[in-house]
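Q: What follows is a single structure, and I will ask about it in a moment.
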Amino acid sequence: MTPKVGSPPSAARTGVWVGMGAIAMAFAAYTSAMMVRREGAPDWHHFQLPSILYVNTVILLASSVALEAGRRRIGDDYEVGRAARAYLSLALGLGVAFLVGQILAWRDLAGQGLFLATNPASSFFYVFTAAHGLHLIGGLVALAYMLRRVRVAVGPGTYGALGAVALYWHFMDVLWLYLLGVLAVWL
Amino acid sequence: MTTVSTPPTVAHHHGPPTTFISKYVFSTDHKVIGKQYLGLALVAVTTGMVLSWYMRFHLAFPDAKAPGLGTITPEQYLQLMTMHGTIMVFFVLTTAPFAGFGNFFLPLHTGAEDMPFPHFNMMSFWVTLTAFLVLVAAFVVPEGPPLAGWTAYAPLSAVGSGSGPGEGTGQTLWAISIFIFCIGQLLGALNFICTVLDMRTKGLSLARLPYVTWAWFITSVIGLIAFSVLSSACVLLILDRVAGTSFFIPAGLVVNDRVLTHAGGSPLLWQHLFWFFGHPEVYIAILPGFGIISTILPAFARKPLLGPRVMIGCMAAIGFLSYTVWGHHMFLSGMNPTSAMGFSVPTLIITIPATIATLLWLGTLYGSKYRFTTAGLFCLGFISVFITGGLSGFFLAQPSIDTYLHATYFVVAHFHFVMAVAAIFGIFAGTYFWFPKMFGRMMNETLGKWHFALTFIGVYAVFMPMHYLGLAGNVRRYSSFPAEYMGQALPLHKWITIAALFTGAVQLIFLYNLIRSRFAGEQAPDNPWEATSLEWSTQSPPPWDNFGGRHLVVSHGPDEYGVQSPRGDYIMQTDPP
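Listed in order, the protein sequences are those of chains A and B.
Those letters in the first sequence? Residues 1 to 187, per the numbering used here, in order.
Those letters in the second sequence? Residues 188 to 764, per the numbering used here, in order.
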């Protein structure tokens, strides 16, 4: 979400808010589809969520903390010190670790014979986690881009964009917590 | 963000594009993207119209061989119908009035040099074009294009290859195409919303935005919600088709003497998800028309629109209510009467803002010395067809009457008048009005008036008789009717077909006018219609940075007509206070 050079710094943030609205609606649609599909379905087989998901959750939350720590270490004069860059890199690394963890969760399920089309519960599990993962990859790309952009002293535009990326990243946390809740309760 | 917004920086930090590719192909200039969208819509509408001609030809002359297709089979008829509906709804009625004109004029209306995310904007067009190409690729795949209708009702749309004509790759391409289309429109809506909220020039409060800009803004918000939901629905449909899941396919379905392995899916779930998008889509198609008419009408009536805030309120109310009525498409799909009532009431309520808007247009016309330009005539035509189509909506909103009429030509007449023809008239009004600004040349008014008169007569000749067909019980979606069933309606079908061919042929006048005016039209002044909004205070066509680096300051509302000023009877938004 890099706004056009010359547009107000608030544009990136507005853009992320709008994007979050769209993503929220897409997941609301998946959730309502799950509710309808689950109701009274004889073929709905409950299964235990892979425990690695909870580890992944901690990793994702930690990445948000690291991102915020890095962002706040950029001072009023927009100097990006080594510590700030280290925190941003850590956030990126933890984001990748989360994705790897999600793939391990998939492998766990596959090992139990639960695939995408095995039953509606597993179908929704894969759809939810894949859709969230794809949106998270978008965040990773944005984060990597910002890391490149803040190598030197940054202006208000770049700082504003970093704030927008952070907002999106935290939204990915909230979305994951929501999905985890939905999966834990209804799967 | 209610009064005065942050003034945008108007100076470009880089020079204008220099190569052909960056200037005309992969352009980030919102004006070029707007023209690209309109070009796509023109190709799409031509394709869609030819498909409808084939349908009409077969309905009137069921035994005759259609050029290039031979005798049309029932399956081919449904394929024509599906592709006609899909192409028209998505690639014409959404792209032209919203993405096309919106891209070109929204930043101009806000005094910005461009949208805040021009690369997303460029992607928006190319993604949409990809969606179109994926869709038309369905014509050449084995088993042919899909036949489940533009609404792609499951399980017909979900059962997959080997189930019959149109059930193979074509239907999968349909779902992929619509998913891609959703992404393109979301990128566009994102830019539209951010432009309105963050890129308004000094003094341009929200209340001073032209009505059409409000319409694009509201449409963007509707689209943001609608296309998100449809994209999710398409993902589930694609998975049902290619990955063996059972979201929409019920248990025990027997197709071609074999029991499908899918189980437990809900076809009604697809309908809910689809119509949650589908009904707001009607307003995505028509609200820009509302805005175009509300903006153009005062310019030719030379007086302000009656009830400016009420008009904006009506558009916002329609936008909100559009999310409460989707179930009225499903009265016949097994809905309990209480739910039907729950959807019927807001459906009737939504007619109130639509009626108020219509009355405001008529009230604006009352006592005015109207300038009967081609654009002005198409505005009047819009009001006429919108009223005609809207009136039949009152009948269909009631479940008991809809039970009889829903599957008949009455509905075909209703939605073609109210969303298709009305939106197209809005597009024509916009084209004749804005062509001088877009291309720096005037369109030929004589040809334009002929185009209007013949099109106006043509669309009534095509769609008015369909009301009678519907009342007589003539069901829709059937490819032909034997003598013992609706045989007496055949002469009327022939009339409609001839009228449709005639109305289509009349569009050649428009096409000729468009091409001729583009290259040999009279040079357009900056403000040929003596209009007030910001696009008229720059050159025709606008320079690449829109206002030549000027920082605009807005001191007036968008329709200060019928006043005394040094200019005559109007004050432009950029005139000093």
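Think of the CB as a built atom: it goes at the ideal place given N, C-alpha and C, for glycine as much as any other residue.
1. By the 10 Å Cβ neighbour count, where 16 or more other Cβ atoms means buried, how is B/Asp250 classified, buried or exposed?
2. The alpha helix (DSSP H) that contains B/Ile405, what's its start and end?
3. Compute the distance between the beta-carbons of B/Asn378 and B/Phe307, then report whether it is under 8 Å.
4. Out of B/Val219, B/Val237, B/Ala247, which has the shortest C-alpha to C-alpha gap to B/Tyr665?
5. According to DSSP, is B/Ile370 helix, strand or coil?
6. Does chain A have any CB closer than 8 Å to the CB of B/Ile409?
7. What does A/Ala26 reach in chain B if we use C-beta pairs closer than 8 Å?
8. I need the straight-line Cα distance from A/Tyr30 to B/Cys369, nearest angstrom please.
9. Run through the DSSP bridge pairs and tell me what B/Arg243 is partnered with.
10. A/Val36 CB to nearest chain B CB: under 8 Å?
11. Spatial neighbours of A/Gly101 within its chain, please: C-beta separation below 7 Å, excluding the five flanking residues on both sides.
12. Checking contacts by CB at 8 Å: is B/Ile412 closer than that to chain A?
13. Name the residue from B/His638, B/Val323, B/Ala286, B/Gly287 whose alpha carbon lies nearest to the alpha carbon of B/Leu267.
14. How would you write the range of the beta strand (DSSP E) that B/Asp756 sits in, first residue to last?
15. Does B/Phe304 have its Cβ less than 8 Å from a Cβ in chain A?
16. By how many angstroms is the C-alpha of B/Phe326 removed from the C-alpha of B/Ala438?
17. What's the C-alpha gap between B/Pro623 and B/Gly221?
18. With a Cβ-Cβ cutoff of 8 Å, do B/Phe213 and B/Met309 count as a contact?
19. Take the Cβ of B/Tyr757 as the centre, count every other Cβ of all protein chains shown within 10 Å, and call the residue buried at 16 or more, exposed below.
20. Can you tell me whether B/Lys389 is helix, strand or coil according to DSSP?
21. Determine the contact status of A/Ser123 and A/Leu134, defining contact as a CB-CB distance below 8 Å.
22. Starting from B/Ser752, follow its DSSP beta bridges and name the residues at the other end.
23. State the Cα-Cα distance for the pair A/Ala161 and B/Leu360, rounded to the nearest angstrom.
24. Leaving out the 5 sequence neighbours to the left and right, which residues in its chain are closer than 6 Å to B/Trp513 when beta-carbon positions are compared?
25. For B/Ala707 versus B/Gly627, is the C-beta spacing smaller than 8 Å?
26. Nearest to B/Leu391 by CA position, among B/Leu295, B/Pro333, B/Ile702, is which residue?
27. Let me check one thing: in DSSP terms, what residues is B/Val442 bridge-paired to?
28. Would you report the Cα separation of A/Pro50 and A/Val80, rounded to the nearest angstrom?
29. Cα-Cα, which of B/Met498, B/Arg737, B/Ile685, B/Ser407 is closest to A/Val18?
30. Report back the beta-carbon spacing between B/Asn700 and B/Met630 to the nearest angstrom; my notes put them in contact at under 8 Å.
31. Hey, quick one: how far does the alpha helix (DSSP H) through B/Gln458 stretch, first residue to last?
32. According to DSSP, simplified to helix, strand and coil, what is B/Ala640?
33. Please tell me whether B/Ser752 has its Cβ less than 8 Å away from any Cβ of chain A.
34. What is the DSSP secondary structure of B/Ala616, reduced to helix, strand or coil?
35. Answer yes or no: do B/Ser348 and B/Gly355 have a C-beta to C-beta separation smaller than 8 Å?
36. Rounded to whole angstroms, what's the CA-CA distance from A/Val5 to B/Ser587? Just pull it up for me.
A: Reading from the atomic positions:
1. exposed
2. 398-429
3. Cβ distance < 8 Å, so B/Asn378 and B/Phe307 count as in contact.
4. B/Ala247
5. helix
6. With 8 Å as the cut-off, B/Ile409 does not count as an interface residue toward chain A.
7. Ser415, Val416, Ser418, Ser419
8. 16 Å
9. Beta-bridge pairing links B/Arg243 to no other residue.
10. yes
11. Ile52, Val55, Asn56, Ile59
12. yes
13. B/Val323
14. 755-758
15. It does: the Cβ of B/Phe304 has a partner Cβ on chain A nearer than 8 Å.
16. Cα to Cα, the separation comes out at about 31 Å.
17. 15 Å
18. yes
19. buried
20. Reduced to three states, the DSSP call for B/Lys389 is strand.
21. Against a cut-off of 8 Å, the Cβ pair of A/Leu134 and A/Ser123 comes out as no contact.
22. B/Gly755
23. Whole-angstrom Cα-Cα distance: 36 Å.
24. Trp462, Phe463, His466
25. no
26. B/Leu295
27. B/Val442 is bridged to B/Arg445.
28. In this structure, the straight-line span from the alpha carbon of A/Pro50 to that of A/Val80 is close to 39 Å.
29. B/Ser407
30. 6 Å
31. Where B/Gln458 is concerned, the enclosing alpha helix (DSSP H) stretches over 454-488.
32. Correct three-state label for B/Ala640: helix.
33. Not a single C-beta of chain A is nearer than 8 Å to the C-beta of B/Ser752.
34. helix
35. yes
36. Any reading at A/Val5 needs caution, since the residue's pLDDT is 46, under 50, leaving its predicted position unreliable; the model's value is listed next. As the crow flies, the alpha-carbon of A/Val5 is around 57 Å from that of B/Ser587.
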